[in-house]
Structures are given as structure tokens and as C-alpha cells.
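In the working numbering, the protein residues as written are 355 to 758.
Note that beta-carbon positions come from the ideal geometry of N, C-alpha and C, so glycine has one too.
Written out below as C-alpha cells is the structure these notes cover.
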């Protein structure tokens, strides 16, 4: 992690210097959003230094990827960011498909976009609920989790899992969506729009919340770029970078949506960024639902996708393909690839090196939470201790995304 840039005015003018006191925050503290340990140096009530200590949740996913076949890697990708798991799933399968030159059917691509945006909504709902809970507001948690549970019902209907879905496959999807799923999504979007109105009325205009967030933890655009911030945290500082627009994938260039930015760069801007992105994701999902057409959801190449079950009863060739894919997997050509995806936290991508074998030679995950945490010290120095909790909540890290 890089050293935070110098910032002027460490302490308020006239503030008397006292003995520096070091406080240990976490890793078992609910406001650290996971097993994150912060060593905070305090001068009175003011923060003079913050040192994040990571590694308490190290899963070794990157090395595990290198000892699993490419298709088996789909199991591990969603566990890296368990709040927007479809973002990591999509980044992983897009990288492998680029290596293979896979032909993903149009229906599968559209379903991926829908779930990618629903996953973004899911992550932002947790942000709204737990972020305000960190500031002492209990009610928003129940409101946000009302929609979150309804959304997880939709995830469960698709693949049987409420979290860590593992629904995408290299070449398409594991199976098609249920017949009644699209109308259920439409119904949820109507509920979600009403929910966003409630969040805005009840919480986003609350004077206590505004006092706690406005002007707190300001990150200027040049500092945000220097630190490598991406996603809502970067756009909250006025930089309109969104890979759905700047490096489009899955046909995002054909969807109509706006990239939301704010010139303020403070905690309030980072909060409002997620609130406003709800509407853009809803807009994209509605467009995706209108584009859904009957058709296959897997690459027809039997050397990539498992043959359908009924073929195994009549085709020896299908049985051989099935056996080879399950026991060994496919062999992408030698090469390296990286495909960036815009997750709820910013740019996520899987750098994969293939040596022609059935398992990746090297996997390196570009995880946004790890990079975004670099801004914590810059944003906190000179703030009061209570502001540290606000700033950390609005940076919105997921520790699975940090310790990989």
C-alpha cells in the first residue's frame, strides 16, 4: 500500500499538540466492515495517522485459481467480493473467454448484464444500510435489507444460491433463467424505485447525517487519480471514469445510461453516488429485460460447454466431451489477458496467463477495495475520530476483495 500524499492543515489552526495516542480499531469491530485492523494515531480528538493492517482474511484465491481448471475457477471468483459477486464472476469469465475466443450467445450476454446490475444494486443496498448504521442510524438498515432480501430471492430463483452464486460459465450460463423470472424482476424494480424515494426522503436529507458527512474526508480528483481510485469513490471526486462507457463489455455501449459524478469529493458525495446509481442500474436492467429473446445460453462448442443431458443418452461423442471437460477441462492457447469490469467498488479484472494447460499458469486479481483503501489515511488525517468511521463506511471496502 502506498503512502498517503501530503495534505495541508493536519490539525485545526490553534489546536494544541498533545501526546500522540495509538488506538487499535478492529479487526473484530463491526464498523471496519470485515476483519480490517486500523492502527490510529490520535492527537487529542484528531487523527494524525492511520495504518491499515490487512491479511486477517487471506484466502489464497489467486493461488487456488492456479490449481483448478478454468471452469472450476467460477466457484472462487464470486467469493472474492461477496456483495457484488456477479462483478467478479463476469470479470473472470470474460478474461477466459477472450483467451479462448468463445462465442457467447446473445441471450446469455443479456442475462449477464441484468444480473451484473442487480448485483450492483445489492451491493449498494448493503452500503446504504450498514453505512448509516455505522453512524448510529438503525432504521435505514431495515429499509435497505427489505429490498436486499427481495433481490436475493431473485438470485436464488436463478441458481439456488442467495450469495456466492457461481452462475456464469465460460461460454455462457450454467442454465437458463426460469420462465417467470423476468416478470418478477420487473416487479422488484418497481419496489426498488419506491425504496430509493424513501431512502432519499428519510435518510439522505437528515440534518444529523448531513452534518456527519458533508465536507468530511474530502479527496480531490488529482489525489484520487494518484492513488488509483476507481468506481463511485473516483466519480465522487469528479472524474467520470466508468468502464461500462470507457471500455465497454457485454454490449454496454448499446445501453442508455448516465455516468454520475460529483465535484465535492467528500463522504456525502460518495454516499449520494451510490444512491443515484440505483436509478441508472434500474434503467439498464429494464432495457435488458426488453432485449431478452429465446435462444441458447451456452457456447455451442462442445470443447468448451458441457453437452446437454439428453445428448448423453444418444451420443457417444457427447459422453466423451463430457468426460474430458469434467476430468480435465479445456486448454486455452498460450497467452495472457486482462478484461476490466466496472463493479460496485470500481475496476475489477483478472489478469490470466495461460501456458496452454488446463489450469491457469498465473492469476492476478485487480481488486478495487485493496486500491481504494489507500485513500483512507489521506481522507482521515486532520479529521476527528468519529469522522474516521464515516470515511471508512463511504469508501465501502469488502475484505474478501482486499485479502485474496
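Cutoff 6 Å; reference residue i; Cβ partners in own chain excluding five residues on either side
{"i": "residue 411", "result": "389, 753 and 757"}
{"i": "residue 638", "result": "471, 609 and 611"}
{"i": "residue 498", "result": "479, 482 and 483"}
{"i": "residue 747", "result": "485 and 488"}
{"i": "residue 450", "result": "424 and 524"}
{"i": "residue 805", "result": "Residue 805 is absent from the structure shown; the chain starts at 355 and stops at 758."}
{"i": "residue 591", "result": "573, 575, 578 and 619"}
{"i": "residue 667", "result": "none"}
{"i": "residue 626", "result": "none"}
{"i": "residue 405", "result": "393"}
{"i": "residue 457", "result": "653"}
{"i": "residue 734", "result": "401, 404, 742 and 745"}
Residues bridged to residue i (per DSSP)
{"i": "residue 719", "result": "704"}
{"i": "residue 517", "result": "DSSP, once it has assigned bridges, lists no residue as partnering residue 517."}
{"i": "residue 400", "result": "397 and 738"}
{"i": "residue 377", "result": "394"}
Residue nearest to residue i in terms of C-alpha spacing, selected from the options
{"i": "residue 452", "options": "687, 751, 744 and 673", "result": "687"}
{"i": "residue 696", "options": "631, 512, 625 and 689", "result": "631"}
{"i": "residue 432", "options": "702, 715 and 712", "result": "702"}
{"i": "residue 582", "options": "646, 726 and 664", "result": "726"}
{"i": "residue 522", "options": "539, 409 and 653", "result": "653"}
{"i": "residue 500", "options": "414, 549 and 447", "result": "549"}
{"i": "residue 624", "options": "674, 570, 737 and 635", "result": "570"}
{"i": "residue 490", "options": "563, 436, 729 and 580", "result": "563"}
{"i": "residue 409", "options": "685, 734 and 724", "result": "724"}
{"i": "residue 717", "options": "427, 679 and 456", "result": "427"}
{"i": "residue 679", "options": "577, 713 and 529", "result": "713"}
{"i": "residue 605", "options": "421, 467, 399 and 393", "result": "467"}
{"i": "residue 417", "options": "731, 719 and 728", "result": "719"}
{"i": "residue 311", "options": "464, 558, 593 and 556", "result": "One cannot answer for residue 311 here, as it falls past the ends of the chain, which runs 355 to 758."}
{"i": "residue 587", "options": "398, 751 and 407", "result": "751"}
{"i": "residue 444", "options": "594, 519 and 381", "result": "519"}
{"i": "residue 681", "options": "415, 380, 381 and 657", "result": "657"}
{"i": "residue 598", "options": "616, 476, 634 and 629", "result": "634"}
{"i": "residue 600", "options": "693, 676 and 514", "result": "693"}
{"i": "residue 629", "options": "641, 616 and 640", "result": "616"}
{"i": "residue 459", "options": "731, 684, 651 and 661", "result": "651"}
{"i": "residue 706", "options": "649, 421 and 391", "result": "421"}
Cβ shell of residue i (< 8 Å), same chain only, five flanking positions each side left out
{"i": "residue 487", "result": "494 and 495"}
{"i": "residue 396", "result": "374, 375, 376, 377, 402 and 739"}
{"i": "residue 596", "result": "589, 613 and 696"}
{"i": "residue 532", "result": "511 and 512"}
{"i": "residue 508", "result": "472, 535, 538, 539 and 542"}
{"i": "residue 711", "result": "685"}
{"i": "residue 560", "result": "491"}
Three-state secondary structure assigned by DSSP to residue i
{"i": "residue 442", "result": "helix"}
{"i": "residue 602", "result": "coil"}
{"i": "residue 572", "result": "coil"}
{"i": "residue 405", "result": "strand"}
{"i": "residue 593", "result": "coil"}
{"i": "residue 458", "result": "coil"}
{"i": "residue 391", "result": "strand"}
{"i": "residue 482", "result": "helix"}
{"i": "residue 616", "result": "coil"}
{"i": "residue 473", "result": "helix"}
{"i": "residue 714", "result": "coil"}
{"i": "residue 758", "result": "coil"}
{"i": "residue 577", "result": "helix"}
{"i": "residue 725", "result": "helix"}
{"i": "residue 410", "result": "coil"}
{"i": "residue 761", "result": "In the structure as shown, the chain begins at 355 and stops at 758. Residue 761 is therefore absent and cannot be evaluated."}
{"i": "residue 732", "result": "helix"}
{"i": "residue 435", "result": "coil"}
{"i": "residue 748", "result": "helix"}
{"i": "residue 424", "result": "coil"}
{"i": "residue 611", "result": "coil"}
{"i": "residue 488", "result": "helix"}
{"i": "residue 585", "result": "coil"}
{"i": "residue 709", "result": "coil"}
Beta-carbon proximity list for residue i, same chain, < 7 Å, skipping 5 on both sides
{"i": "residue 621", "result": "567, 570, 571, 744, 745 and 748"}
{"i": "residue 545", "result": "501 and 504"}
{"i": "residue 441", "result": "435, 470, 473, 695, 697, 698 and 702"}
{"i": "residue 419", "result": "427, 430, 714 and 717"}
{"i": "residue 526", "result": "458, 459, 462, 651, 652, 653 and 659"}
Residue-level contact to chain B via CB, residue i, 8 Å cutoff
{"i": "residue 455", "result": "Checking the listed chains, one finds no chain B in this structure; it contains a single protein chain."}
Can you give, in chain order, each stretch of the beta strand (DSSP E) that sits fully within the region 641-699 and has at least 3 residues?
Runs of the beta strand (DSSP E) spanning 3 or more residues and lying entirely within the region 641-699 occur at 689-691 and 694-697, in chain order.
Taking only runs of the beta strand (DSSP E) that begin and end inside the region 492-560, which ones reach a length of at least 3 residues, in chain order?
At a cut-off of 3 residues, not a single continuous stretch assigned as beta strand (DSSP E) sits fully inside the region 492-560.
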